[in-house]
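Student:
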Amino acid sequence: MPLPAIDEVLALHRAGRLDEAERLYLALLDTEPGHAMAWHLAGVVAYQTGRKPLAAERMGRAVELRPDFPEAHNNLGNALKDLGQPERALSHYDRALALKPDFPEPRFNRGSVLHELGRLDEAVASYQAAIALRPDYVDALSNLGLALRELDRMDEALAVLRRAVVLRPDHAEALSNLGLILLKRERIAEAIETLRRAVAANPRHARAHANLGLALEEAGEIEQAASAHLTALSLDPGFEDPLPHLVHLRRKLCLWDRFESDDIRLVELARAGNLRIPPFILLHSPTATQADHQTAARRWAAGIKPPSGLSLPARPRSDGPVHLAYLSGDLRAHPVGYLMGELLERHERSRFRVSAYSFGPDDGSPSRQRLAAAVDAFVDIRGLDDAEAAARIHADAVDILVDLTGYTTGARTAILAARPAPVQVNWLGYAGTMGAGFMDHLLADAAIAPLAEQPWFDERIWHLPHSYLPFDTRRSVAARRAGRAECGLPESGLVFCAFHNAFKITPAVFDVWMRLLAAVPGSVLWLLAGVPAAIANLRREAGARGVDPDRLVFAPRVGVEDYLALHRLADLYLDVLPYNAHGSAADALWMGLPVLSCAGATFPGRVAGRLLEGLGLPELVTSSLAAYEAKALELARDPAKLADLRQRLARARESSPIFDMAGFARGLEVAYEGMIEP
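Under full-length UniProt numbering, think of the first position of the sequence shown as 1, with each following residue one higher.
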């Protein structure tokens, strides 16, 4: 029986009858082994059926036989790209374009490889060239929008992606990328609506589900966000980007059924170096070491590029007071904002000119107003993109730029990557190294980041004299004293206080807390209310450990003055591990509430202990959870000891350097001056 002509086989191929088409291509090659088209199309079938090495082999044979075959060069480039050979892929795309300059596909594919390599400007040029050849090339428009977003060219990205979804309203990839832009612009509701359109257009689009999860989390819809990330992982088990976010969301919900295995997997991924894990998430891992924190931070930093087209020349320091500037998204009613108020007011103006560059929301709060009044210049840079913001800071001749955000929510680290100041400092908002060459120094103290651990910090460590944590001793406290009954607490039972975000509570620490409740009759555990699901899950976990769930009392979220006053009703504050209480431990101690801590093995697990040692209460810093539990039980059973601790704490509050903000400011300023010495 004679073989069909190549065009007839191609018709079967186009009809989706791949097995039949492949059999006939191979039969044709048995009789005509030099048939370049048959080799090429047999390679296309192999590519379509997931056999990438075979696809590359067959297409490679096609271009050997016919070097002037642009379609085969283009498809061979795709196979090589998928096989992790980007440079070889690029060479075949370039060959295809040399043979056929008006061929849009290899221009698009070339852009995709350059995009993956982080060569964003080149990727943009390739995408734009493809679109110039085919103005309705929606795939290219979608990828161009994403690349522009990564270059912080947000207005251009938004326009390109809107054009894409006008051309193809059901293009899931374009909708997904548009949703990310809207999320970056803090247009949360619009981002969610766009991303819901994306997953409706293609319910199997894993990245669209993951992006929807990011937007839902930003909107506070924690359970829905977790569900979206879980869907993304189930659709594509090889796509692990959503896993860190899912793990963090499950911690926010106090869903602990996979806590240990999730944590181990997260650390394994960090050590493998194949996934950019948000470093802040890893700081809360009981398994992660200081070296793991550095690895994750370095990988994250490697993906942060200076704004495209911006070159800021180095400049010498001008005469006169040092121009000191703080960069933050949290200069408002926020833990960082609360800590910074008095310090900003106490900076020595004869030696320092102090500015603040704020990219976070203006919440109109008294805290925001006070912070703005405390500096010589308060500059709201929300309306500036990263290039414009960096240029503004550079033009203002800032000598020292202190980043108070690190890798926490809303960070705009690309501003720092542009090097707008000659000295750049990591402090306060992020408890670890940023792993970035554009950060020069890290402010810490001898307990939380000893110099022996300098290898795990890419910044030079500078020790403040007593503690790295500032405090605001001028904050108001509500004058009205609420009673225990009003807060749902027993009038006579012991109140263990644990005012922490839910994601900082681990099963191991919760086990200790439940054993304490079982051992101390009439006692309760006083927690901060979070999302309803987290409250329900904590109550369920208590019941599973044989403790009446009603012995968990949840304080509603209130204004800072009332929040501080609540501490008067508690007997002992229980810290968490591996990420201690920081500002919240200082709040409790300032309000006279003894804090019991357990020292960790990394920076974020040592902060509360340093405060206690500075206040002359080293016996409240334990070295293991077993010792922590024993000490808590000892204090719970000895009211006299607790009373003595309160008296010692009251005296220390007035005399200790921990709450001496005038002294803190002088020590900090000495460090700053040391950083700019030649």
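Using N, Cα and C, we set each Cβ at its ideal position, and we do this for glycine too.
Taking residue 108 as part of the beta strand (DSSP E), name the residues at either end of that continuous run.
Tutor: Walking along the sequence shown from the start, residue 108 turns up at place 108. Premise fails: residue 108 lies in the alpha helix (DSSP H), 104-116, not in any beta strand (DSSP E).
Student: Go through its chain and collect everything with a Cβ distance to residue 93's Cβ below 6 Å, but skip five positions before and after it.
Tutor: The residue you call residue 93 lines up with position 93 of the sequence shown. Taken in chain order, the residues that qualify are 77, 106, 109, 110.
Student: Whole angstroms is fine: what's the gap from residue 43's alpha carbon to residue 386's?
Tutor: Position 43 of the sequence shown, counting from 1, holds the residue named residue 43. Position 386 of the sequence shown, counting from 1, holds the residue named residue 386. Each residue's alpha carbon lies about 45 Å from the other.
Student: How would you label residue 337, buried or exposed, when you count the other beta carbons within 10 angstroms and need 16 or more for buried?
Tutor: Position 337 of the sequence shown, counting from 1, holds the residue named residue 337. Counting Cβ neighbours within 10 Å, residue 337 comes out buried, since at least 16 surround it.
Student: Nearest-angstrom Cα distance between residue 582 and residue 230?
Tutor: Here residue 582 corresponds to residue number 582 of the sequence shown, with the count starting at 1. Here residue 230 corresponds to residue number 230 of the sequence shown, with the count starting at 1. Spanning the two alpha carbons is a distance of roughly 31 Å.
Student: Per DSSP, what kind of secondary structure is residue 143 in: helix, strand or coil?
Tutor: In the sequence shown, counting from the first residue as 1, residue 143 sits at position 143. Residue 143: helix per DSSP, three-state reduction.
Student: Between 116, 401, 393, 313, which lies nearest to residue 324 when the distance is taken from Cα to Cα?
Tutor: Taking the sequence shown and counting its residues from 1, one reaches residue 324 at position 324. Residue 401 is the option with its Cα nearest to residue 324.
Student: How many Å lie between residue 305 and residue 666 at the Cα?
Tutor: Here residue 305 corresponds to residue number 305 of the sequence shown, with the count starting at 1. Here residue 666 corresponds to residue number 666 of the sequence shown, with the count starting at 1. When rounded, the separation of the alpha-carbon atoms in residue 305 and residue 666 is 35 Å.
Student: Residues in the same chain with beta-carbon distance under 6 Å from residue 326, minus the five sequence neighbours each way, listed in chain order, please.
Tutor: Looking up residue 326 in the sequence shown gives position 326. Sequence-distant partners of residue 326 (beyond 5 residues in either direction) whose C-beta falls short of 6 Å from its own C-beta, in its chain, are 356, 402, 404.
Student: Which residue from 30, 41, 32, 36 puts its Cα closest to that of residue 21?
Tutor: For this step, residue 21 is matched to residue 21 along the sequence shown. Residue 41 is the option with its Cα nearest to residue 21.
Student: Let me check understanding here. Comparing Cα to Cα, which of 86, 460, 349 lies closest to residue 727?
Tutor: The requested residue 727 is not part of the displayed model; the chain covers only 1 to 678.
Student: Per DSSP, residue 497 is paired with what?
Tutor: For the purposes of this step, residue 497 is identified with residue 497 of the sequence shown, where counting begins at 1. In DSSP, residue 497 forms a bridge with 526, 573.
Student: Quick one: residues in its chain with C-beta nearer than 7 Å to the C-beta of residue 1, no 5 flanking neighbours on either side, listed in chain order?
Tutor: Within the sequence shown, residue 1 is the residue found at index 1, counting from 1. The pLDDT assigned to residue 1 is 46, lower than 50, so where the model puts this residue is not dependable; a value taken from the coordinates is nonetheless given after this. No residues qualify anywhere along the chain.
Student: Using a threshold of 8 Å, state whether the C-beta atoms of residue 352 and residue 321 are closer than that.
Tutor: Position 352 of the sequence shown, counted from the start, is the residue given in the question as residue 352. Position 321 of the sequence shown, counted from the start, is the residue given in the question as residue 321. Contact flag set, yes.
Student: Do residue 433 and residue 293 count as a contact pair if the criterion is CB distance below 8 Å?
Tutor: Here the question's residue 293 lines up with position 293 in the sequence shown. Here the question's residue 433 lines up with position 433 in the sequence shown. Contact flag set, yes.
Student: Can you give, in chain order, each stretch of the alpha helix (DSSP H) that sits fully within the region 35-80 and has at least 4 residues?
Tutor: 36-48, 52-65
Student: Between which residues of its own chain and residue 551 is the CB-CB distance below 6 Å, once the five residues before and five after are set aside?
Tutor: The residue you call residue 551 lines up with position 551 of the sequence shown. Within the same chain, Cβ atoms closer than 6 Å to the Cβ of residue 551 are found at 517, 524, the five residues on either side in sequence being excluded.
Student: Does the distance from the CB of residue 219 to the CB of residue 181 come in under 8 Å?
Tutor: In the sequence shown, the residue the question calls residue 219 occupies position 219. In the sequence shown, the residue the question calls residue 181 occupies position 181. No. Outside cutoff.
Student: Go to residue 30, then tell me how far its beta strand (DSSP E) extends in each direction, as first and last residue.
Tutor: Position 30 of the sequence shown, counted from the start, is the residue given in the question as residue 30. Premise fails: residue 30 lies in the alpha helix (DSSP H), 18-31, not in any beta strand (DSSP E).
Student: Look up residue 1 in the DSSP assignment and say whether it is helix, strand or coil.
Tutor: Numbered from its first residue, the sequence shown carries residue 1 at position 1. Confidence at residue 1 is low in this model, with a pLDDT of 46, below 50, so its placement is unreliable and the value that follows should be read with caution. Three-state DSSP puts residue 1 in coil, outside helix and strand.
Student: Just to confirm the assignment, what range does the alpha helix (DSSP H) spanning residue 224 have?
Tutor: In the sequence shown, the residue the question calls residue 224 occupies position 224. First-last of the alpha helix (DSSP H) with residue 224: 222-235.
Student: Using only alpha-carbon positions, find the residue among 501, 299, 480 that is nearest to residue 437.
Tutor: What you label residue 437 is simply residue 437 of the sequence shown in a count that begins at 1. The residue with the shortest Cα to Cα distance from residue 437 is 299.
Student: Starting from the Cα of residue 463, find the closest Cα among 598, 472, 443 and give me that residue.
Tutor: Position 463 of the sequence shown holds residue 463. Measuring from the Cα of residue 463, the nearest candidate turns out to be 443.
Student: Verify whether the separation of the beta carbon atoms of residue 341 and residue 358 is less than 8 Å.
Tutor: The residue given as residue 341 occupies position 341 in the sequence shown. The residue given as residue 358 occupies position 358 in the sequence shown. Not a contact, by the Cβ cut-off of 8 Å.
Student: Are there any heavy atoms of the ligand ATP lying less than 7 Å away from the beta-carbon of residue 480, as far as the coordinates show?
Tutor: Within the structure as shown, the ligand ATP is missing, as the structure has no ligands at all.
Student: Does the pairing of the region 531-540 with the region 464-478 give three or more beta-carbon distances under 8 Å?
Tutor: no
Student: What are the partner residues of residue 567, as DSSP defines its beta bridges?
Tutor: Counting from 1 along the sequence shown, the entry for residue 567 is found at position 567. The partner list for residue 567 (beta bridge, DSSP) is empty, contrary to what the question assumes.
Student: Run the CB neighbour count on residue 451, radius 10 Å, all protein chains shown included, and call it buried at 16 or more, exposed below.
Tutor: One-based indexing of the sequence shown puts residue 451 at position 451. Sixteen is the threshold: since fewer than 16 other Cβ atoms of the shown chains lie within 10 Å of the Cβ of residue 451, the residue is exposed.
Student: For the alpha helix (DSSP H) containing residue 121, name the first residue and the last one.
Tutor: Taking the sequence shown and counting its residues from 1, the one referred to as residue 121 is at position 121. Here the alpha helix (DSSP H) through residue 121 covers 120-133.
Student: Taking C-alpha atoms, which residue in 406, 408, 371, 152 lies nearest to residue 475?
Tutor: What you label residue 475 is simply residue 475 of the sequence shown in a count that begins at 1. It is 371.
Student: Does the contact criterion of 3 or more C-beta pairs under 8 Å hold for the region 503-521 versus the region 644-663?
Tutor: no
Student: What's the C-alpha gap between residue 453 and residue 605?
Tutor: Taking the first residue of the sequence shown as position 1, residue 453 is located at position 453. Taking the first residue of the sequence shown as position 1, residue 605 is located at position 605. C-alpha separation (whole angstroms): 14 Å.
Student: For residue 205, which residues from the same chain have a beta carbon less than 6 Å from its beta carbon, with the 5 sequence-adjacent residues on both sides left out?
Tutor: Against the sequence shown, residue 205 aligns to sequence position 205. Excluding positions up to five away in sequence, the list reads 172.
Student: Near residue 415, which residues of its chain fall below 6 Å by C-beta distance, leaving aside the five closest residues on each side in sequence?
Tutor: As a working mapping, residue 415 is identified with position 415 in the sequence shown. Answer for residue 415: 386, 389, 390, listed in chain order.
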